[in-house]
Ligand SMILES: O=C(O)CCC(=O)C(=O)O
Ligand SMILES: [Fe+2]
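Numbering (full-length UniProt numbering), first residue to last: 1 to 209.
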């Protein structure tokens, strides 16, 4: 894929590696039984992993019906279901590390990995909760590893209220938990700034979409 991509000075030199989660993840309680965990720079040297993901891993340009016309989804997608090999060994390690850290609280493993590629500032995801599946009625977790150019992940309570802003890129981790998918919404807004590509990897338990 021919994407103008300027490797970042941040993490070019390092070998990619995950840093520990225990004792370093910070939790912020939100209203309505939701919470968000964050660990900036969870994956060090993530530029090398980004390079692999920006290659030909089967990215799909989806289209969806909007009223009477079909429009392009403004980002590329690649979905990895249970048992499907992930495109970089460190992503499998990331899922295993999340599983070890969160299993006592979550009670089940993270199984799927949904990848989104935001090619530039025109790519985005509109306000939504991941509540097509079980998260519509039950508490769960969605863990997001972000690689590449930071973009703000915004969260706001369903029904309105001020939004929170988490800039995510370069190996940062955020985990949305508790009732977050049904009592809060999240989005990645478009920006007119010049930004490089960002890839987000969302790890979800079975039946959470
Ligand atoms: O890019 C992100 O970090 C968020 C993506 C997202 O919310 C989704 O695919 O459901
Ligand atoms: Fe989402």
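Even for Gly, the Cβ is constructed at its ideal location relative to N, Cα and C. Predicted model, so just to flag it, every value in this text is computed and none were measured.
Inset, instruction - Check whether the Cβ of residue 285 lies closer than 6 Å to any heavy atom of ligand 2, and answer yes or no. - result: Residue 285 cannot be examined here, being either before or after the span of the chain that is shown, 1 to 209.
Legend entry - Same chain, Cβ closer than 6 Å to residue 209, five either side skipped, listed in chain order: Taking the first residue of the chain shown as position 1, residue 209 is located at position 209. Closer than 6 Å at Cβ, skipping near neighbours: 132 and 133.
Legend entry - Proximal residues to residue 40 (C-beta, below 7 Å), its chain only, five neighbours per side dropped: On the chain shown, position 40 is the one that residue 40 refers to. Around residue 40: 172.
Inset, instruction - Look up residue 102 in the DSSP assignment and say whether it is helix, strand or coil. - result: Locating residue 102 in the chain shown gives position 102, where the first residue counts as 1. If DSSP states are grouped into helix, strand and coil, residue 102 belongs with the helices.
Inset, instruction - Mind the definition here: the region 100 to 119 touches the region 77 to 88 only if three or more C-beta pairs lie below 8 Å; say whether that holds. - result: yes
Inset, instruction - Can you give me the Cβ contacts of residue 144 inside the same chain, cut-off strictly under 6 Å, excluding the 5 residues immediately before and after it? - result: Within the chain shown, numbered from 1, the residue matching residue 144 stands at position 144. These residues qualify, in order along the chain: 174, 200 and 202.
Inset, instruction - Tell me, please, which residues DSSP counts as bridged to residue 148. - result: Within the chain shown, numbered from 1, the residue matching residue 148 stands at position 148. Note: residue 148 sits in a beta bridge opposite 198.
Legend entry - Straight-line Cα distance separating residue 166 from residue 138: Translated into the one-based positions of the chain shown, residue 138 becomes position 138. Translated into the one-based positions of the chain shown, residue 166 becomes position 166. Distance between the alpha carbons of residue 138 and residue 166 is about 24 Å.
Legend entry - Cβ pair residue 121, residue 191 closer than 7 Å: Your numbering for residue 121 matches position 121 in the chain shown. Your numbering for residue 191 matches position 191 in the chain shown. Between residue 121 and residue 191, the CB-CB gap stays under 7 Å.
Inset, instruction - Within 10 angstroms of the Cβ of residue 28, are there 16 or more other Cβ atoms? Answer buried if so, exposed if not. - result: Position 28 of the chain shown, counted from the first residue, corresponds to residue 28. Exposed, since its Cβ has fewer than 16 Cβ neighbours within 10 Å.
Legend entry - Contact under 7 Å by Cβ, residue 148 with residue 86: Position 148 of the chain shown, counted from the first residue, corresponds to residue 148. Position 86 of the chain shown, counted from the first residue, corresponds to residue 86. No. Outside cutoff.
Inset, instruction - Consider the C-beta atom of residue 36 and the heavy atoms of ligand 1; say whether any pair is separated by less than 6 Å. - result: For the purposes of this step, residue 36 is taken as the residue at position 36 of the chain shown. Not so, every heavy atom of ligand 1 lies at least 6 Å from the Cβ.
Inset, instruction - Quick one: grab the DSSP three-state call for residue 50. - result: Looking up residue 50 in the chain shown gives position 50. In this structure, residue 50 counts as helix in the three-state DSSP scheme.
Legend entry - Helix, strand or coil at residue 91 according to DSSP, with G and I counted as helix: Here residue 91 corresponds to residue number 91 of the chain shown, with the count starting at 1. Helix, per DSSP.
Inset, instruction - Name the one or two DSSP bridge partners that residue 70 has. - result: Within the chain shown, numbered from 1, the residue matching residue 70 stands at position 70. Residue 70 is bridged to 65.
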